[in-house]
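As structure tokens, the structure follows; a few thoughts come after it.
In my numbering, the protein residues as written are 1414 to 1721.
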């Protein structure tokens, strides 16, 4: 029998949040080397709003990495530059901290800057997005994946990092194997936070934004718990989104007012324990929503994910 967490257990288990590096510029790679002296760029892996990601090969070792190149032409405001610096700062901070070097968090290798772009070299993930596999899991496998996701989020929170854009597309598999390691990626809108500190800016991907963020209310790390809860809901429902609409405003209205569907499609075969966890992660009132520690102590995660 797996013991449940008491409401205060999460607070007792969290170590003090270290102070982040004072100067974001310290996170940039300095010295006489530039990216192309150290790496050979290969095929393109993908393109986003601000950057393009390539395979790159370290010349000294022959090891493959991913290189996200952010064109300086896209960094049109001071805020854009600060966002990129903060992304690098957070990734290097997590990689340099023993607790932050989590097996399910992408590790940065180095950051480089030249006249045209800023380059982030990191672990290579060639197994595709969680989104591509999300409708094919057994409940046990979904519990295992959920544990990886929430454990990675809890580690970030314990180090004072809030992701703010959790979604299946931001979890990548290292390879195509069924048991491939899973990595949390994309810290582009992540922030450092101190205990009790809140934010009120509207950020994230519309379908995964927590109600308090939609309403413009001060929000804390439990906004990430909501997003993680939606990922688990989608895994258990066979890939069904709970809040679909033709417009962003329509999506937000459903996030605020639509009751979750636990009756149709896959749900009759899903255990009551799994439904209980999802309901508690998707409570609209963040004060009543579970913490990451309480999620990890929930019987469905703690017991089901550990079954042989």
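Cβ atoms here follow ideal geometry from the backbone N, Cα and C, with glycine treated the same way.
For residue j and residue i, believed in contact at Cβ under 8 Å, the rounded distance
i            : j            : result
residue 1709 : residue 1564 : 6 Å
residue 1479 : residue 1490 : The pair is not a contact, with the Cβ atoms about 26 Å apart (cut-off 8 Å).
residue 1607 : residue 1573 : 6 Å
residue 1644 : residue 1579 : 7 Å
residue 1630 : residue 1613 : 7 Å
residue 1634 : residue 1575 : 5 Å
Buried or exposed (CB count within 10 angstroms, at least 16 for buried), residue i
i            : result
residue 1662 : exposed
residue 1568 : buried
residue 1681 : exposed
residue 1603 : buried
residue 1571 : buried
residue 1705 : buried
residue 1462 : exposed
residue 1421 : Residue placement at residue 1421 is poorly supported in this model, since its pLDDT is 44, which falls under 50; the coordinates are not used for a value here.
residue 1456 : exposed
residue 1624 : buried
residue 1676 : exposed
residue 1701 : exposed
residue 1716 : exposed
residue 1445 : Caution is warranted here: a pLDDT of 40 is assigned to residue 1445, below 50, making its placement in the model unreliable, and the coordinate value is therefore given only provisionally. Under this definition residue 1445 is an exposed residue.
residue 1609 : exposed
residue 1699 : buried
Residue i versus residue j: straight-line alpha-carbon distance, rounded
i            : j            : result
residue 1674 : residue 1588 : 33 Å
residue 1433 : residue 1506 : Confidence is the limiting factor: at residue 1433 the pLDDT is only 47, short of 50, which leaves the residue's position unreliable and the question unanswerable from this model.
residue 1628 : residue 1679 : 31 Å
residue 1514 : residue 1669 : 36 Å
residue 1694 : residue 1683 : 16 Å
residue 1622 : residue 1616 : 8 Å
residue 1487 : residue 1495 : 13 Å
residue 1688 : residue 1547 : 17 Å
residue 1454 : residue 1690 : 44 Å
residue 1667 : residue 1658 : 8 Å
residue 1477 : residue 1549 : 29 Å
residue 1584 : residue 1649 : 17 Å
residue 1638 : residue 1528 : 39 Å
residue 1447 : residue 1590 : 34 Å
residue 1553 : residue 1686 : 12 Å
residue 1499 : residue 1651 : 35 Å
residue 1559 : residue 1475 : 34 Å
Own chain, CB closer than 7 Å to residue i, minus 5 neighbours either side, in chain order
i            : result
residue 1451 : 1471 and 1472
residue 1561 : 1517 and 1595
Neighbourhood of residue i by C-beta distance below 8 Å, restricted to the same chain and skipping five residues each side
i            : result
residue 1671 : 1655 and 1656
residue 1508 : 1514, 1520 and 1521
residue 1438 : Confidence at residue 1438 is low in this model, with a pLDDT of 41, below 50, so its placement is unreliable and the value that follows should be read with caution. Result list for residue 1438: 1498, in chain order.
Beta-carbon proximity check, residue i vs residue j, cutoff 8 Å
i            : j            : result
residue 1556 : residue 1484 : no
residue 1469 : residue 1534 : yes
residue 1481 : residue 1464 : yes
Residues near residue i by beta carbon distance below 6 Å, same chain, minus five either side
i            : result
residue 1593 : 1540, 1586 and 1587
residue 1442 : Confidence at residue 1442 is low in this model, with a pLDDT of 43, below 50, so its placement is unreliable and the value that follows should be read with caution. Within the same chain, residue 1442 has close Cβ partners 1523, 1524 and 1525.
residue 1636 : 1623 and 1626
residue 1504 : 1521 and 1600
residue 1427 : At residue 1427, the pLDDT of 43 sits below 50, so the modelled position is not reliable and the matter cannot be decided from this model.
residue 1543 : 1581 and 1584
Min CB distance residue i to chain B below 8 Å
i            : result
residue 1655 : Protein chains in the displayed structure number just one, and chain B is not present.
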